[in-house]
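J.: Going by our numbering, the first residue of the sequence shown is number 11, and it counts up by one from there.
C-beta: ideal position from N, C-alpha, C; glycine also.
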Amino acid sequence: MDRVVLSSPNAEDLGLGSLIEIKTFPDTENYIRITEDCEKKDVVLIHRCYPNQDKSLVQLFLALRQIKEMKARSVSVVVPYLPYARQDKRFLDGEAMSSETICSLLNLLGCKNLITFDCHFLKKTGEFTYAGLRITNKTMSGEIINYLKSKSKKAVVISPDEGAKYLVEKDKGLSMKKIRGRYNDSVERYREIESMSLGHDISNKDVIIIDDMISTGSTIIKAAQACKEAGAANVYCAATHGLFLNSSLSRLHALGVKEVVVTNTIHSPVSKIDISNVIKELV
Ligand code: R5P
């Protein structure tokens with residue numbers, strides 16, 4: 011066999027590949043061991059990088075370097091949710107472009123291809139080269155929309171902003187207009203949403219709001235509120251990545267949203283859409 015699929019313990023639930031060893035030293039530093047023979051093989055490593063993104067990224071860097079040391083012919087990685095993908099622009103002089111740094115480090119460490127899902131800064135699917143790194147960006151929007159359409163066949167599909175428009179294009183969906191305010195001055199860097207408008211008649215219709223991610227929940231909650239105010243019959247909320255910070259999952263339920271669903275790129279109580287079949291086809 012010329013191909014070896016390896017999996018980190020944090021991706022064991024996906025049921026793909028032989029496990030690598032990851033342990034933690036008493037001071038919390040990472041210990042990595044690869045026991046599979048990688049020599050002259052095309053190796054694919056599946057590794058989640060959320061939660062604990064800083065720690066998981068260091069684990070990935072150590073594993074990549076080790077697999078190269080073991081004379082692999084090539085190494086590709088599957089990172090279902092790519093962290094640090096949100097700062098791909100400089101708003102102020104001197105700001106670190108985190109997305110570029112992470113991708114160029116992966117490239118420098120010999121990663122031939124990064125396979126990921128609904129990468130925040132790419133905003134479309136396909137093959138890209140970014141900061142020297144080859145990236146395959148897959149979407150889970152088809153699977154998510156199919157799942158929700160099995161509950162409400164005629165539901166209108168809506169993206170809460172222009173950035174997520176590509177998720178609804180196939181279903182001829184609508185896009186809301188979201189305007190964010192300025193970044194705040196506190197230690198936690200965050201921009202409030204100033205306004206969210208729909209501009210279409212959705213009264214008495216079921217709607218599926220779909221985004222790449224639910225982080226603090228501000229976007230999807232505002233979008234769900236706008237749809238309810240516009241007279242939607244039932245509101246379904248979905249995303250590929252469910253971080254659900256600030257109790258956003260329970261806030262969505264409290265709002266009367268019919269169902270919230272995300273994939274298992276990140277574990278959550280509503281991670282009902284499985285990414286493993288898509289990964290299996292690629293590795
Ligand atoms: C925005 O550009 C993204 O597509 C998401 O709408 C956003 O990142 C979600 O973040 P939050 O849940 O914090 O509003």
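Going along the chain, which unbroken runs of the alpha helix (DSSP H) with 4 or more residues stay wholly within the stretch 64-118?
T.: For the stretch 64-118, whole alpha helix (DSSP H) runs of length 4 or above, ordered along the chain, are 108-118.
J.: Relative to the C-alpha of D284, which residue among H277, S278 and T273 is closest?
T.: For the purposes of this step, residue 284 is identified with residue 274 of the sequence shown, where counting begins at 1. Among H277, S278 and T273, the Cα nearest to that of D284 is on T273.
J.: Might you give, ordered along the chain, the residues of its own chain that have their beta carbon closer than 7 Å to the beta carbon of T226, omitting 5 neighbours on each side?
T.: Looking up residue 226 in the sequence shown gives position 216. Excluding positions up to five away in sequence, the list reads L255, N256 and S258.
J.: Nearest by alpha-carbon distance to I189: which of E198, D195, E202 and K180 is it?
T.: Along the sequence shown, one-based indexing puts residue 189 at 179. Considering only alpha carbons, the answer is E202.
J.: Any idea which residues DSSP pairs D221 with across the strands?
T.: Against the sequence shown, residue 221 aligns to sequence position 211. Answer is A249, bridged to D221.
J.: Let me make sure I understand the geometry here. Which of I112, L26 and L208 has the alpha-carbon closest to that of D171?
T.: Within the sequence shown, numbered from 1, the residue matching residue 171 stands at position 161. Ranking the options by Cα distance to D171, first place goes to L208.
J.: Identify every run of the alpha helix (DSSP H) within the stretch 157-191, keeping only runs that are complete inside it and at least 4 residues long; order them along the chain.
T.: The qualifying runs do not exist here; there are none.
J.: Identify whether V5 lies in helix, strand or coil by the three-state DSSP scheme.
T.: With the chain represented from 11 up to 293, any question about residue 5 goes unanswered, as that position is not in the structure.
J.: Can you tell me where the alpha helix (DSSP H) with E202 in it begins and where it stops?
T.: The count along the sequence shown starts at 1 and reaches residue 202 at position 192. Looking at the DSSP string, E202 is not in any alpha helix (DSSP H); the run it does join, the beta strand (DSSP E), is R201 to S207.
J.: Quick check: is any heavy atom of ligand 1 less than 8 Å from the C-beta of P170?
T.: Position 160 of the sequence shown, counting from 1, holds the residue named residue 170. Result yes, Cβ under 8 Å from ligand 1.
J.: Helix, strand or coil for R58 per DSSP?
T.: Translated into the one-based positions of the sequence shown, residue 58 becomes position 48. It is coil, neither helix nor strand.
J.: Cβ of E269 within 9 Å of Cβ of C237?
T.: As a first step, residue 269 is located in the sequence shown; it is residue number 259 there, counting from the start. As a first step, residue 237 is located in the sequence shown; it is residue number 227 there, counting from the start. In this structure, C237 does not lie closer than 9 Å to E269 by Cβ.
J.: Taking the alpha carbon of R144 as the point to measure from, which residue in L158, N123 and G136 has its own alpha carbon closest?
T.: In the sequence shown, counting from the first residue as 1, residue 144 sits at position 134. With distances taken between Cα atoms, R144 lies closest to N123.
J.: So I32 and Q63 are supposed to be a Cβ contact under 8 Å. How far apart are they, rounded?
T.: For the purposes of this step, residue 32 is taken as residue 22 along the sequence shown, with counting starting at 1. For the purposes of this step, residue 63 is taken as residue 53 along the sequence shown, with counting starting at 1. At roughly 15 Å, the Cβ-Cβ gap does not stay under 8 Å, so I32 and Q63 are not in contact.
J.: Is it the case that the Cβ atoms of S86 and N20 are separated by a distance below 9 Å?
T.: Translated into positions along the sequence shown, residue 86 becomes position 76. Translated into positions along the sequence shown, residue 20 becomes position 10. No.
J.: On the DSSP letters alone, give me the boundaries of the alpha helix (DSSP H) that C48 sits inside.
T.: Locating residue 48 in the sequence shown gives position 38, where the first residue counts as 1. First-last for C48: undefined, no H or E at that position.
J.: Skipping 5 residues on each side, what residues in its chain have a beta carbon closer than 6 Å to that of N194?
T.: Locating residue 194 in the sequence shown gives position 184, where the first residue counts as 1. Y200.
J.: For G252, count neighbouring Cβ atoms within 10 angstroms of its own Cβ and tell me buried if that reaches 16, exposed if not.
T.: Looking up residue 252 in the sequence shown gives position 242. With 16 or more other Cβ atoms within 10 Å, it is buried.
J.: How many angstroms separate the CA atom of Y41 from the CA atom of R75?
T.: For the purposes of this step, residue 41 is taken as the residue at position 31 of the sequence shown. For the purposes of this step, residue 75 is taken as the residue at position 65 of the sequence shown. Distance between the alpha carbons of Y41 and R75 is about 13 Å.
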